[in-house]
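Colleague: Protein chains in written order, with the numbering used here: chain H, 1146 to 1362; chain F, -2 to 245. The structure is given below, and queries will be raised subsequently.
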């Protein structure tokens, strides 16, 4: 009888240890990184505000914008998303040229808007896991001048276990910047009968216009 | 009143015309840039016309509005918001939100003491602004295709139809006083100018700094509109998830 009880206890202990190990492993693989994501956005906003407060609008701001975007986003992932199936069918040369012009436009847009960032305040609201791929960090952007009403902003962050978090998309009032850019790019390509080069040329022109506008200011 | 009905009549005529012409106006599939925009070729022409109207009418009017002192701009914005309150009250009732309907009615009556030029209640968040488009959404009526109407701009078949219904059912149109008739007549122009003025830089950014301002406007409109629909977020979620899974 005692022997039987001992066997039961050992079996129970084994089950409990197995459950605990399983929980630890699962917990490790799907660790809650929502706080880490929220912290990452706060750090990004602080960096942007530091640059906006100190740097004049010149070529330096282009480099700083490029550096920030490169650290928090993944250019190649964004670029491939914004032209959908055309990325898969593009030649290596087209991909490189698209990536280069896409990057130049994104950086110029950021660099041109640093003046505007000076008057903005970011207020964290929530951070939540969405499906297995994403963490959504929600906040409010407040314009200290009172010129613009408060806007709801959501950062979509890619969460892959064992890898650094990175920002995939940014939405203002439920309008995704990435989807908007994709829709626009796809429309340009389709209007030009599927020619990706037409979009690359337009982006090159656009980045040059933005560069001139930045240097004029 | 006459001006308002004229605009509504024009809108409905165009809506019917767009429907009737759908066979010949629909773009061939290989040139369609968005599945929900089967009338893209016609829409782009109307959009180009609206852009011209914006160049010569809306943008200069908005610039003039922005030159007004802050107090003047606030009064016009308050007026535009006030004239939409009857529609909010009626549609809140249709949606079963009696509290919102009551707040809308109360605010309309209180601010009516100043003809809507002052916001005496001072609460911008209540009542929740709603219209017949939201009511149709509430009863699961689909949005339909994306359609651009002359002067009025972007919308879906549902939102444009709802605009027409909102216009003719607005109680301001039934009030048999000259003041109410005048308010109804200036309502739409004031709403257009205050909207254009209050979003001046955003709209100019779209208009002047886009690779394809039509496609960009449509994308923003549809995403914003979808945010109020059931399950809309999940559609975009699928797009993000399927992309990221092909990357891994």
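The beta-carbon is built from N, C-alpha and C at its ideal position, and this holds for glycine as well. Note that the structure is predicted; figures quoted are calculated from it, not measured.
1) Which chain F residues are close to residue 1386 of chain H, counting only those with a beta carbon under 8 Å from its beta carbon?
2) May I ask you to verify whether the region 1349 to 1361 of chain H touches the region 1328 to 1338 of chain H, counting CB pairs closer than 8 Å and requiring at least 3?
3) Count the C-beta pairs between the region 147 to 165 of chain F and the region 126 to 136 of chain F that are closer than 8 Å, then say yes if the count reaches three, no if not.
4) Flag residue 200 of chain F as yes if its beta-carbon sits less than 7 Å from any beta-carbon of chain H, otherwise no.
5) Output needed for residue 1348 of chain H: all residues of its chain with C-beta closer than 7 Å, excluding positions within five of it in sequence on either side, in chain order.
6) Rounding to the nearest angstrom, what Cα-Cα distance links residue 1282 of chain H and residue 1187 of chain H in this structure?
7) Within 7 Å of any Cβ in chain F, is that where the Cβ of residue 1296 of chain H sits?
8) Quick one: which chain F residues come within Cβ less than 8 Å of residue 1333 of chain H?
9) DSSP three-state call for residue 24 of chain F: helix, strand or coil?
10) Taking the alpha carbon of residue 1291 of chain H as the point to measure from, which residue in H/1243, H/1301, H/1265 and H/1190 has its own alpha carbon closest?
11) Taking the straight line between their C-alpha atoms, what separation do you get for residue 1285 of chain H and residue 1324 of chain H?
12) How about residue 187 of chain F and residue 73 of chain F: are their beta carbons less than 7 Å apart?
13) When you check each C-beta in the region 1216 to 1248 of chain H against every C-beta of chain F, which residues fall closer than 7 Å?
14) Does DSSP classify residue 33 of chain F as helix, strand or coil?
15) Where in the region 112 to 189 of chain F do unbroken runs of the beta strand (DSSP E), each at least 3 residues long, occur, reported from the N-terminal end onward?
16) What are the residues that DSSP puts in a beta bridge with residue 1284 of chain H?
17) Out of curiosity, what's the CA-to-CA distance linking residue 88 of chain F and residue 1178 of chain H?
18) Along the alpha helix (DSSP H) that carries residue 1310 of chain H, what are the first and last residues, could you check?
19) Does the distance from the CB of residue 44 of chain F to the CB of residue 221 of chain F come in under 7 Å?
20) Where residue 179 of chain F and residue 80 of chain F are concerned, what is the direct C-alpha to C-alpha distance, given to the nearest angstrom?
21) Please name the residue, chosen from F/155, F/164, F/185 and F/140, that lies closest to residue 148 of chain F on a Cα-to-Cα basis.
22) For a cutoff of 7 Å on Cβ pairs, would you count residue 151 of chain F as touching chain H?
23) If residue 213 of chain F and residue 59 of chain F are in contact, beta carbons under 8 Å, what's the gap, nearest whole angstrom?
24) With a Cβ-Cβ cutoff of 7 Å, do residue 46 of chain F and residue 92 of chain F count as a contact?
25) Please tell me whether residue 1328 of chain H has its Cβ less than 7 Å away from any Cβ of chain F.
26) Return no unless some Cβ of chain F is closer than 7 Å to the Cβ of residue 1347 of chain H.
27) Taking all protein chains shown into account, do 16 or more other C-beta atoms lie within 10 angstroms of the C-beta of residue 57 of chain F, making it buried, or fewer, making it exposed?
28) Indicate whether at least one CB of chain F lies closer than 7 Å to the CB of residue 1257 of chain H.
29) Whole-angstrom Cβ separation of residue 1302 of chain H and residue 1280 of chain H, contact assumed at under 8 Å?
30) Inspect the beta-carbon positions of residue 154 of chain F and residue 40 of chain F and report whether they are closer than 7 Å.
31) Just to check my reading of the structure: residue 1215 of chain H and residue 31 of chain F have Cβ atoms closer than 8 Å, yes? What is that Cβ distance to the nearest angstrom?
32) Please decide whether residue 191 of chain F counts as near chain H, where near means a Cβ-Cβ distance under 7 Å.
33) State the beta-bridge partners of residue 42 of chain F as determined by DSSP.
34) Is any beta-carbon of chain H found at less than 7 Å from that of residue 241 of chain F?
35) Just grab the DSSP bridge partners of residue 1320 of chain H for me.
36) If you check the beta carbons only, do residue 1228 of chain H and residue 1330 of chain H fall under 7 Å apart?
Modeller: This is what the structure gives:
1) A question about residue 1386 of chain H goes unanswered here, because the residues of chain H that appear run from 1146 up to 1362.
2) By the Cβ test, the region 1349 to 1361 of chain H is not in contact with the region 1328 to 1338 of chain H, since fewer than three Cβ pairs between them sit closer than 8 Å.
3) Touching, yes, given that three or more Cβ pairs across the two stretches are closer than 8 Å.
4) When Cβ-Cβ separations below 7 Å define contact, residue 200 of chain F makes no contact with chain H.
5) Answer for residue 1348 of chain H: 1246, 1247 and 1250, listed in chain order.
6) Take the alpha-carbon of residue 1282 of chain H and the one of residue 1187 of chain H: they are about 10 Å apart.
7) No, residue 1296 of chain H lies away from the interface with chain F (no Cβ there is under 7 Å from its Cβ).
8) Within chain F, the residues whose beta carbon sits less than 8 Å from that of residue 1333 of chain H are 208, 209 and 212, listed in sequence order.
9) With a pLDDT of 47 at residue 24 of chain F, under the threshold of 50, the modelled position of that residue is not reliable, and no figure is offered here.
10) Residue H/1265 is the option with its Cα nearest to residue 1291 of chain H.
11) Taking the straight line from one Cα to the other gives about 20 Å.
12) Yes, the Cβ-Cβ distance between residue 187 of chain F and residue 73 of chain F is below 7 Å.
13) Sequence-ordered contacts of the region 1216 to 1248 of chain H with chain F read 1222 and 1226 [C-beta pairs closer than 7 Å].
14) It is coil, neither helix nor strand.
15) List check, beta strand (DSSP E) in window: 143 to 146 and 150 to 153.
16) Partner(s): H/1269 and H/1298.
17) Between the alpha carbons of residue 88 of chain F and residue 1178 of chain H lies a gap of roughly 42 Å.
18) It is not in any alpha helix (DSSP H) - residue 1310 of chain H carries neither H nor E in the DSSP assignment.
19) No, the pair does not count as a contact, with Cβ atoms beyond the cut-off.
20) Rounded to the nearest whole angstrom, the C-alpha separation of residue 179 of chain F and residue 80 of chain F is 12 Å.
21) The shortest CA-to-CA distance from residue 148 of chain F to any of F/155, F/164, F/185 and F/140 is the one to F/185.
22) So no, residue 151 of chain F is outside the interface.
23) About 19 Å separates the two Cβ atoms, so there is no contact after all.
24) Using a Cβ distance threshold of 7 Å, residue 46 of chain F and residue 92 of chain F do not count as a contacting pair.
25) At a cut-off of 7 Å between beta-carbon atoms, residue 1328 of chain H makes contact with chain F.
26) Using a Cβ-Cβ cut-off of 7 Å, residue 1347 of chain H counts as an interface residue toward chain F, since at least one Cβ of chain F sits closer than that to its own.
27) By the neighbour-count rule (16 or more Cβ atoms within 10 Å), residue 57 of chain F is not buried but exposed.
28) Interface flag for residue 1257 of chain H against chain F is unset, since no Cβ pair is found closer than 7 Å.
29) The C-beta distance from residue 1302 of chain H to residue 1280 of chain H rounds to 4 Å, short enough to meet the 8 Å contact threshold.
30) Taking 7 Å as the Cβ cut-off, residue 154 of chain F and residue 40 of chain F do not qualify as a contacting pair.
31) The beta carbons of residue 1215 of chain H and residue 31 of chain F sit about 31 Å from each other, so the pair does not count as a contact at 8 Å.
32) So no, residue 191 of chain F is outside the interface.
33) Beta-bridge pairing by DSSP links residue 42 of chain F to no other residue.
34) Taking Cβ atoms only, chain H reaches closer than 7 Å to residue 241 of chain F, which makes this a yes.
35) In the DSSP output, where bridge partners are listed per residue, residue 1320 of chain H has H/1317.
36) Taking 7 Å as the Cβ cut-off, residue 1228 of chain H and residue 1330 of chain H qualify as a contacting pair.
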